[in-house]
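Presented below is the structure to which this report refers.
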Amino acid sequence: MGEHFKVAIVGSGPGGLSAAGHAAVTGVSHVLLEQTDHLSDTIYKYQKGKLVMATPDILPLRSDMSFAMGIREDILQTWDDEAAKHVVNVRYKAEVTAISGSKGDFTLTLGNGDTLTCEFVIFAIGLQGNLRKMGVEGEDREWIQYQLDDPDEYADETIVVVGAGDAAIENAVALSKQNNVVIVNRRDEFARAKQGNNSLITAAIEKGELECLYSASPLRVEDDGIILKTPQGETKVACNRVIARLGAIPPRKFVESCGIEFPSDDPAALPELSGEYESNVPGLYIIGALAGYPLIKQAMNQGYEVVEYIQGNHVKPADEPLLEEKFRNLPGNPPVDEVIAHIQDSVPLLAGLTTLQLREFLIDSDVHTPTKGDIVFERNDYTNSFFSIVDGGVDIQVNPDDPSVTVGLGQGAFFGEMGLLSGRRRTATVLASQPSLLIETPRRTMIKLINSVEAVKRVMDEVAVGRQIQTYIAPGIPMEELEELIHAVQVEEFDQGDVLFREGDAGDCLYLIQRGSVTVSREIGGKESVISYVAAGNYVGEMALISNAPRSATIKAAVPVEALRLDGEKFQQLMERNPSVRELMEEKYRGRMLENIESTKQPQAGGIIQFLVEQGLGEATDVLLIDEALCVRCDNCEKACAETHFGQSRLNREAGPTYESIHVPTSCRHCEHPHCMVDCPPDALRRNPNGEVYVSDSCIGCGNCERNCPYGVIHMAAPQPKKPGLLQWLLFGRGPGPGQPDAEWLAAHGKGGAKKAVKCDMCKDIEGGASCVRACPTGAALRVNPSEFFKIVSQGR
Amino acid sequence: MHQSILVFRNYLYLKWALLVVAVAIGLYVLHDPAYGVANGGTWLGYGLGTIGALLIVWLMWFGIRKRRYGAASLSVEDWLSAHVYLGLALIFVATLHTGFQFGWNVHTLAYALMIFVIGSGVFGLVAYLRVPDLMTRNRGGATLDQILQDIAELDAQCRDMAMSLGDKINQIVLHAAEDTVIGGSFRQQLSGRDADCPTIAANRQLQDLAASASTAQSENLRGLIALMARKEELVRRARRDVRYKALLDVWLYIHVPISFALLAALATHIVAVFFYW
Ligand SMILES: Cc1cc2nc3c(=O)[nH]c(=O)nc-3n(C[C@H](O)[C@H](O)[C@H](O)COP(=O)(O)OP(=O)(O)OC[C@H]3O[C@@H](n4cnc5c(N)ncnc54)[C@H](O)[C@@H]3O)c2cc1C
Ligand code: HEM
Ligand code: HEM
Ligand code: SF4
Ligand code: SF4
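Chain order of the listed sequences is L and Y. In my numbering, each residue carries its 1-based index in the first sequence increased by 75. In my numbering, each residue carries its 1-based index in the second sequence increased by 636.
Encoded structure:
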């Protein structure tokens, strides 16, 4: 039997380390188990010289370890010193592989077979997971590596890169500058990678800069090379180094094997915890990134707190001041606990949350206290936050033409969910109908919540279905009247390219697109041609229902789609009872008939729509296009972008595909559901009321968004200094010229340093709008909203 | 897809320019010079001269405005459309100002420079209107870099294939691979051709060789010729692309420096007429 401790802490990231430090300082018997041979592996792996941010600024640090904004190396050094000073009992190379037992008597098994026992377990293993290995004999030889920091370190070697994802491609291409590189791809193409990387690697292979073995996989490693299985049989590739980039195994499986439950299968789901970070397994605590707190300071605070809780001290969480600050303006200045209890009582949607979840929810949210008549948001705003009514109520102006038609919502209701679901503009203006207390929650927090609390998802879905039908299909019809239809609604999901229905099928239902967009195509001359495009918030399939004829066109998902399937029969009954619904449908029907006739006169339009949809425009809200028949290739657009954005152009004119004379340069499309937002620890990617997706100042430079954007339009860069004025350059030659980079500065600051994410912000802070478009001398550059643009194209205007 | 700078804003700036021209001609016709001949010394001369000089300064200011990125005023397209039409209107204003009195002096030098700048501007305008479309079609969806890469790859393939075909052919292929220039001197860029292009020469030589070779040999050569022909096609395409780009750029190297010369001559002209007239 191994040693026994009061607390075992698994993982020495900021969370675990802070917990161990506090245990050491307060004299609690403890062990800190770390699978690598150094502390805090996640931070250890940051890029050399990275500036580590201590966001959020207002959150105080509560830990025996110190932490402030600084360079990665300094922070790690400080932690090493402090761990030694506090005599933290850390055990390296101690990967925990299993946890069994229960509170008071847990047994932990380590990778080498050792076991140890403890009363409490603190789980702080973060979200990075373990690098996936090749799973073959010899995979651990010292010349085999599973990550790569600096490709320039290697020269004149033969290197085998295994993998076909973005990391493998980027590494292989970078290494091929100085080395002889062979990339091993299990499949026969690089479909898993981003488009930009896909063309990068294909070009490199074509040029012969590196060699690619397709449909090949590692079998075993020998002293001087790697044996691969290929379609031609076994082959040996002699090499100096193997770099396998196979991604990471997310820690969730392991966590679940310890008995911890997740509320849903969604990757965004978080384990349910008590207000004191205890999981469903009593005595087993979870903190840090794994618990859903993605920043260092939060993890450190929790490390401290959890050790206090284990000792029975119910200290107030360190984020208390944040909440106090939020509630400061509430009348009567009530204490935080009271406000939280009141919110939980008043808003049924939030009733099922644990205190911890609710606190987190509130920390991310804003509290508003509008008085009667104050506008909460306006129709066509592009905000995507979610509102709950704690006190008071609001009026929703449902009719764009007549603001006096309103629907009221009272205490406990919520609104704003449609923008969240569709990723599109607000469909109505909302104003306070009396003095109210509203909570505004950002999109990311809401998505996390929906995926972590089943009840929230259910209630939201139910309400959203009704409201969408009322908004888009049956305006002015009371909810009771729609009840029967709503009950029969099914939410269906389609992947990109899936068919919702086919031309010639019997029409037995109507689809309301809740999220994503679809293309409409018809068979013309034996060939399927796209005739138009339908965005979220619209429906398809009404033509067959009205005319009782088979489907007149094929509908395909342009991007992943969620659609509400409305039963045809029930819908026809609704139309019979409500002539206004019928009229609306018929009007739409006639409009579409006309559109179809028009579009057959524009045969080339289908090709353009098809091409643009392939470029991902189906999920764009605003995209930069270049008319190559007008573009004189002066690159003034790029220069304008750089000049107005700290010397860094966020668009690449030349890159990107061209169809006929329409060119799609590499530039942000301001997606309806921005992929870049998914994994941003400080939630720095935001959407403006006008629709721009931009990076706010709170970016910590982690690079997740750069990886997550499928269109390759985010870069990590440090801002260049301001240039001397134009006339100074013209008359005295001071500074770099307009549109030129600051070469001197770049040479001095090019690598490392405080890089942050930069991307197109559509010049939201510049009067007059997008600089690229305004700087184009010939009017070749234009920014368009895809659905409007598609309409123009298919109507030939 | 949408409009060129000429049609821009439904010919708004053309209308402005026509107004300027109409006013200039109208005044010229109305006015009755004291000594019988129109010239820059009359009230009309001074008036038109001043308008002309202001126009020139304003036309040159475009170079500054173009580089004031992010400026909130009108878009650069507005500026260019106006620049073109008002630049052309200047011909009328200035010519009427001179009263057709030309001679071998600094005044006429200024006038000549102006015409030269305007002429180069017209060249540029035509290039801007015509070349982009030609360029797009010539590229066929690829970028110049991609075309160059394809050429490099064809070179490698040609050399592989030539390996087994003897010294002479190797020589030809090597020469074609190493000494084919795309771009080159400014004149070559503009012409879009290379009179002694090794690739084109290689193609011809290979064909001659194939014609005179034995059947077995010519069989081998055929593959090489196909590759070389493809390369020649790409080389021509790349040269055309370079040529188009040069056409889009070249006139600005005349337009702008001569503008400055014009400004200097104009200043001299004005000083001269005030002091020595
Ligand atoms: C590139 C990048 C940049 C970032 N920049 C910042 C920043 O500037 N500021 C900021 O506040 N946040 C930043 N973050 C986020 C921050 O790194 C995380 O929030 C933080 O590291 C989470 O701490 P943690 O203690 O929960 O887990 P981690 O730091 O991930 O630590 C987990 C530890 O557990 C170990 N471990 C895992 N499994 C086992 C096992 N089975 N047995 C034993 N040990 C195990 C790991 O080796 C690791 O050392 C960044 C993240 C990334 C990826
Ligand atoms: C403020 C602006 C200007 C003033 C005050 C001005 C003044 C004059 C005067 C006084 C004359 C008569 C000279 C003479 O009869 O000998 C003249 C002639 C002339 N000006 Fe200007 N001028 C101006 C702008 C211009 C411009 C913009 C041009 C064209 C580029 C121009 C080209 C000429 C020419 C070619 C003549 C005829 C010279 C000749 O008579 O031999 N001037 N100008
Ligand atoms: C005397 C008259 C003119 C002067 C002084 C003048 C001056 C200038 C200047 C200074 C620029 C800026 C170039 C740069 O910085 O890139 C410019 C650009 C240009 N001019 Fe003129 N110009 C004149 C007349 C004309 C005319 C008559 C035309 C066309 C008919 C014309 C067409 C253009 C064009 C197409 C550009 C390039 C715009 C761009 O690429 O951004 N110009 N001119
Ligand atoms: S950065 Fe990428 S993912 Fe984010 S909105 Fe722009 S195109 Fe979409
Ligand atoms: S904006 Fe991008 S780089 Fe910055 S913190 Fe968010 S995900 Fe990381």
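The beta-carbon is built from N, C-alpha and C at its ideal position, and this holds for glycine as well.
- Glutamine 690 of chain L sits buried, since 16 or more C-beta atoms from the chains shown fall within 10 Å of its C-beta.
- Linking isoleucine 754 of chain Y to aspartate 227 of chain L through their CA atoms gives a straight-line distance of about 52 angstroms.
- Apart from the 5 residues on each side of it in sequence, isoleucine 561 of chain L sits with its Cβ closer than 7 angstroms to the Cβ of Val540, Gly541, Ile544 in its chain, given in chain order.
- Valine 712 of chain Y has a beta carbon lying within less than 8 angstroms of a beta carbon in chain L.
- Here the region 309 to 325 of chain L makes contact with the region 246 to 260 of chain L; the two share three or more CB pairs at distances below 8 angstroms.
- Within the DSSP secondary-structure output, glutamate 515 of chain L pairs in a beta bridge with L/Asp441, L/Phe462.
- Of the other Cβ atoms in all chains shown, 16 or more fall within 10 Å of the Cβ of tryptophan 887 of chain Y; this residue is therefore buried.
- Within the region 805 to 831 of chain Y, no residue has a Cβ lying closer than 7 angstroms to any Cβ of chain L.
- Under the DSSP assignment, glutamate 194 of chain L falls in the beta strand (DSSP E) whose first and last residues are 190 to 198.
- Secondary structure in the region 801 to 854 of chain Y: the alpha helix (DSSP H) runs of 4 residues or longer, each lying completely within the stretch, are 803 to 815, 822 to 827, 834 to 848 in chain order.
- Identification of chain L residues near glutamate 789 of chain Y by a Cβ-Cβ cut-off of 8 angstroms yields Glu281, Lys282, Gly283, ordered along the chain.
- Here threonine 430 of chain L is not bridged, per DSSP, to any residue.
- The DSSP assignment places 116 to 119 as complete runs of the alpha helix (DSSP H) inside the region 104 to 155 of chain L, in order along the chain (cut-off: 4 residues).
- Residue environment: serine 138 of chain L is assigned as buried (16 or more neighbouring CB atoms within 10 Å of its CB, all protein chains considered).
- Beta-bridge pairing by DSSP links asparagine 727 of chain L to L/Thr741.
- The Cβ neighbour count for aspartate 394 of chain L, taken over all protein chains shown within 10 Å, is at least 16; the residue is labelled buried.
- Taking 7 angstroms as the cut-off between beta carbons, none of the residues of the region 735 to 763 of chain Y comes near chain L.
- Taken through DSSP and simplified to helix, strand or coil, leucine 805 of chain L comes out as helix.
- Secondary structure of phenylalanine 265 of chain L (DSSP, three-state): coil.
- Leucine 108 of chain L has its Cβ nearer than 7 angstroms to a heavy atom of ligand 1.
- In this structure, DSSP gives histidine 748 of chain L a state outside helix and strand, which the three-state scheme calls coil.
- In this structure, glycine 350 of chain L lies near leucine 431 of chain L, with their beta-carbon atoms less than 8 angstroms apart.
- Sequence-ordered contacts of the region 840 to 853 of chain L with chain Y read Ile841, Glu842, Gly843, Ser846, Arg849, Ala850, Cys851, Pro852, Thr853 [C-beta pairs closer than 7 angstroms].
- Counting along the chain, glycine 91 of chain L sits inside the alpha helix (DSSP H) bounded by residues 89 to 100.
- Aspartate 796 of chain Y counts as exposed, since fewer than 16 other C-beta atoms from the protein chains shown sit within 10 angstroms of its C-beta.
- Within 10 angstroms of the beta-carbon of proline 293 of chain L lie 16 or more other beta-carbons, which makes it buried.
- In the DSSP annotation of this structure, the continuous segment of the beta strand (DSSP E) that includes methionine 791 of chain L starts and ends at 790 to 792.
- By the neighbour-count criterion, in which 16 or more other beta carbons inside 10 Å mark a residue as buried, leucine 398 of chain L falls on the buried side.
- For threonine 172 of chain L, the enclosing beta strand (DSSP E) has its first and last residue at 171 to 177.
- With respect to the 8 angstroms criterion, isoleucine 335 of chain L and proline 346 of chain L are classified as neighbours on the basis of their beta carbons.
- Excluding the 5 residues flanking it on each side, glycine 766 of chain L has same chain C-beta neighbours closer than 7 angstroms at Tyr457, Thr696, Asp697, His745, in chain order.
- Excluding sequence positions up to five before and after isoleucine 621 of chain L, its CB lies within less than 7 angstroms of the CB of Met660, Glu661, Tyr664, all in the same chain and listed in chain order.
- For tryptophan 715 of chain Y, the number of other beta carbons within 10 angstroms of its own is at least 16, and it is reported as buried.
- By alpha-carbon distance to glutamine 782 of chain Y, the top candidate from Y/Val871, Y/Leu710, Y/Ala831, Y/Leu770 is Y/Val871.
- The beta-carbon separation of leucine 650 of chain Y and tyrosine 721 of chain Y, rounded to 5 angstroms, stays under the 8 angstroms limit for a contact.
- Taking 7 angstroms as the cut-off, one finds no heavy atom of ligand 4 near enough to the beta carbon of lysine 839 of chain L.
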